[in-house]
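Numbering (this note's numbering), first residue to last: 1 to 198.
Note that CB positions come from ideal geometry on N, CA and C, so glycine has one too.
Accompanying notes for the structure given below.
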């Protein structure tokens, strides 16, 4: 259980969220007035997110033009785009938090911008409504349930696979076991497997 807790603590913090939570001195005094505006130094971050978002949204739109969904049909293109974006973010966040020392604008540009613009919750919601309106209730329900499952499976699978690949690479460089923890069992603590009682 401790390995899982420490991994959560080591995950990257979203730069847009105050890292001090409730009960830790993070509560605002209601009489303190409006929060201070973001510092001028944040303009490059906003620009990176905007540029990345434009590129990601353009890529998603391009996919919808290449593989249009006929009225009343299952929206495979939107599902594939969301699954692909989630798979990439799973690998990207592991690489960024555990392997690379990237420029401070890489995550806002690629993670928040490109992948945020590429994946879509709004199109997913509209697709569900349009399927229901077209009398394809079963298809709408299947799509409604399948999308979050596929998205979560994609991000989890690529995060675990990326961690294992990185561990194998480190192990090959240092002469350890094939799983990166030196024992060759595949029960590395990073992915939470092999822990007693889990």
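For residue i, which residues from the same chain have a beta carbon less than 6 Å from its beta carbon, with the 5 sequence-adjacent residues on both sides left out?
i, result
"residue 81", "60, 63"
"residue 164", "none"
"residue 158", "87, 90, 91"
"residue 131", "139, 140"
"residue 118", "56, 59, 60, 85"
Take residue i and list the residues in its own chain whose beta-carbon comes closer than 8 Å to its own, dropping the five residues that flank it on each side.
i, result
"residue 96", "12, 102, 106, 107, 111"
"residue 109", "48, 49, 51, 52"
"residue 69", "75, 76, 77, 78, 127"
"residue 44", "105"
Going by DSSP, what residue range makes up the alpha helix (DSSP H) through residue i?
i, result
"residue 83", "76 to 98"
"residue 44", "43 to 66"
"residue 169", "137 to 174"
"residue 133", "122 to 133"
What does a CB cutoff of less than 7 Å around residue i pick up in its chain, not counting 5 residues either side in sequence?
i, result
"residue 154", "83, 86, 87, 90"
"residue 42", "none"
"residue 66", "none"
"residue 134", "71, 72"
"residue 156", "90"
Let me make sure I understand the geometry here. Which of the options has the alpha-carbon closest to that of residue i?
i, options, result
"residue 121", "68, 151, 137, 169", "151"
"residue 72", "137, 169, 113, 93", "137"
"residue 199", "54, 98, 44", "The shown model of the chain, from 1 to 198, leaves out residue 199, and the question about it has no answer."
"residue 46", "113, 66, 167, 169", "113"
"residue 98", "173, 134, 167", "167"
Is the beta carbon of residue j closer than 8 Å to that of residue i?
i, j, result
"residue 74", "residue 143", "yes"
"residue 94", "residue 174", "no"
Taking 8 Å as the threshold (beta carbon to beta carbon), is residue i in contact with chain B?
i, result
"residue 147", "Protein chains in the displayed structure number just one, and chain B is not present."
Could you say if the stretch 71 to 79 and the stretch 132 to 149 meet the contact criterion of at least three C-beta pairs nearer than 8 Å?
-> yes
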